[in-house]
Each structure stands twice: as structure tokens, then as C-alpha cells.
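**Student:**
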Amino acid sequence: MKIAEVYCKNALSRSKISGMDYALNPYIGCEHGCVYCYAEFMRKYTNHKEEWGEFVDVKINIVDRLRQQIKRTKLGTIMIGTVTDAYQPLEEKYQLTRRCLEILADFDFPITIQTKSDLVLRDVDILKRMKNKEVGLTITCVDPKVETLFEPKASKLHNRFTALEELKENDIPTFVFFGPILPFFSDREESIKSLVKKLKEMGIEEIYFDKMNYLSGKWKRMKIFLTQNFPNALNYYWEVVKDGELYSAKLESVLARSLAGFSLNAEILF
């Protein structure tokens, strides 16, 4: 793992994500090393030759930049962790996300956090002070063994469920981002129903669903990974690459059937 301390010009950047005005990313790169990660494109913008998951740039001045920038920024929703996980393991050492939250707590900017890490629980004390906030946990698979291989350094599945429960106990609005839905592993009706039922029983009322995007661009890496770990899924993934539109239509139908009978706020993002 190559770790470098770098300086950033701005803490906040404009976000292209629907409903979000600004993005805050304390790190470039991510230790989690998720095989499917869409943010791998950041390598070419930062001149990194390392594989995704093998480098992290730590924006050591982001707290000072945020303190300066926030005062002259028009009110809008800030999403924390759009091309990195703000609670990846290095955050335990650097505490950049926590220190940014401490600044944001003194302003009225709505905050959305999305993470795969139960480290977010460390900052419950700050989150409780904020008026307008929500925290989402990403889940991609209901099989812990599969999840561990696809997301080698992210928090284990049971820890994410625990984090959701503790956030709710502290009256912090929560949601689940079920995505990317992993072809072959997570896209079966029974798997989706099982997860939705569990989340409903936990009191989670807001779930977002997304497919695996940009698979064709990641096919070389994905092919190697599947060949080494899940050779029986290789042909299934290749069919998705060959006709992504057909797969998307089928997945949308599966989701519609899976969600029937559940009363919750569910949104399909494709």
C-alpha cells in the first residue's frame, strides 16, 4: 500500500450526483480495494500507476481548506465520500472526516454520508449535533464470504448491520445503498427479498438500488478476479458485458417483483 500526504486546493467540489450540490472527499484512492469500484477512474487523473486499492493520497490540509471555503459557499447538500470511502481504515489515524464534520456542525449545510465502514459510529457525537444529516451504509451482497472477496478491506457485513442499528438508536436518519448489485451473487429474487426483509425488520425505510456500472471497462480486472475466485460465474458476467441493456431490463423486473408487498421508500437508480 502506497500512502502519500498531499495538499488540496479546495475541500468542496461541485457534485454531479442527483440531489447533491457538493462533494467532500478527504482521501484520493481507497484501502477497501473493492474489485468493482467505479472510482478507479481517479487513477488517471492523479497519475497513479498502482492498482486500485493499492494507494491512498491523504489530503492533510483539507480541514483548513474547508474552514476557509465553507464561509463563502452557497448553502447546499454536501455528500461525504463520492469517490472514496471517508471512513476507510486510514481515517482512524488521520481523523480528517471527523475534523471536517466538526466544522460542518457549526453550519446548516445538509450532510449525506455513504460508507462501507462501521467506523462512522465513532462520530455519532458530532452527527447528533447536526440538524440535517443522514448516513447510508453500502451493501452489495448477502453472502459474507462473497462480500469479503469482492470488498477485501471493508467492514464485514454483520458490522455494517450493527452500524445501521446503532445509528437508528441514536436517532440519526439512515439509508441503505444496495449497489452495485453483483451479477450472479446478488441479483436473484430470493437474495434481494431476504435483504429487504431484514432491513425492514431493522426499521430501515429508505433503500437505493443500483446495478454494476462500467463493467465493460473493468472487464480485464474482473475476468482475472472471477477466474481466480468464482470461475463458475465467468460466463454469467460475460453475458452482462455483451448485452448490458438486456441485463438491466431483467434486473429491473427482478427488483420490482422483489419489492412487491414491502412498504418502504425504494428507488432504482438505473
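So for the sequence shown, our numbering puts the first residue at 205; every next one is plus one.
All C-beta atoms, glycine included, are put in the ideal place defined by N, C-alpha and C.
Since this is a predicted model, take the numbers as computed values, not measurements.
For Asn-229, count the other beta carbons within 10 Å of its own beta carbon; 16 or more makes it buried, fewer makes it exposed. Which is it?
**Tutor:** Position 25 of the sequence shown holds residue 229. Buried is the call here.
**Student:** Name the two residues that bound the continuous alpha helix (DSSP H) containing Glu-295.
**Tutor:** Within the sequence shown, the letter at position 91 stands for residue 295. Start and end: 295-298.
**Student:** Determine the direct distance from the alpha carbon of Val-458 to that of Glu-209, and round the result to whole angstroms.
**Tutor:** Reading the sequence shown from its first residue, position 5 is the one you call residue 209. Reading the sequence shown from its first residue, position 254 is the one you call residue 458. C-alpha separation (whole angstroms): 45 Å.
**Student:** When you compare only the Cα positions, how much space is there between Lys-213 and Ile-284?
**Tutor:** Indexing the sequence shown from 1 puts residue 213 at position 9. Indexing the sequence shown from 1 puts residue 284 at position 80. Looking at the two C-alpha atoms, the distance is approximately 17 Å.
**Student:** Quick one: what's got a C-beta closer than 7 Å to Lys-404's C-beta in the same chain, skipping five residues either side?
**Tutor:** The count along the sequence shown starts at 1 and reaches residue 404 at position 200. These residues qualify, in order along the chain: Phe-466, Leu-468.
**Student:** Whole beta strand (DSSP E) runs in the stretch 380-420 with 3 or more residues, listed along the chain?
**Tutor:** Taking only runs of at least 3 residues, the beta strand (DSSP E) segments lying wholly in the stretch 380-420 are 410-413.
**Student:** Take the Cβ of Thr-431 as the centre, count every other Cβ of all protein chains shown within 10 Å, and call the residue buried at 16 or more, exposed below.
**Tutor:** For the purposes of this step, residue 431 is taken as residue 227 along the sequence shown, with counting starting at 1. Its Cβ having fewer than 16 others within 10 Å, Thr-431 is exposed.
**Student:** Which residues in the same chain have their Cβ closer than 6 Å to the Cβ of Gly-237, if we skip the five residues on either side of it in sequence?
**Tutor:** Within the sequence shown, residue 237 is the residue found at index 33, counting from 1. Taken in chain order, the residues that qualify are Gly-257, Pro-356, Lys-357.
**Student:** Between Tyr-240 and Pro-384, is the Cβ-Cβ spacing less than 7 Å?
**Tutor:** For the purposes of this step, residue 240 is taken as residue 36 along the sequence shown, with counting starting at 1. For the purposes of this step, residue 384 is taken as residue 180 along the sequence shown, with counting starting at 1. In this structure, Pro-384 lies closer than 7 Å to Tyr-240 by Cβ.
**Student:** What number of angstroms, rounded off, separates the C-alpha of Leu-305 from the C-alpha of Asp-327?
**Tutor:** Within the sequence shown, numbered from 1, the residue matching residue 305 stands at position 101. Within the sequence shown, numbered from 1, the residue matching residue 327 stands at position 123. Leu-305 and Asp-327: Cα-Cα distance of roughly 8 Å.
**Student:** What number of angstroms, rounded off, separates the C-alpha of Ser-395 from the C-alpha of Arg-276?
**Tutor:** Working through the sequence shown from its first residue, we reach residue 395 at position 191. Working through the sequence shown from its first residue, we reach residue 276 at position 72. Cα-Cα distance, rounded: 47 Å.
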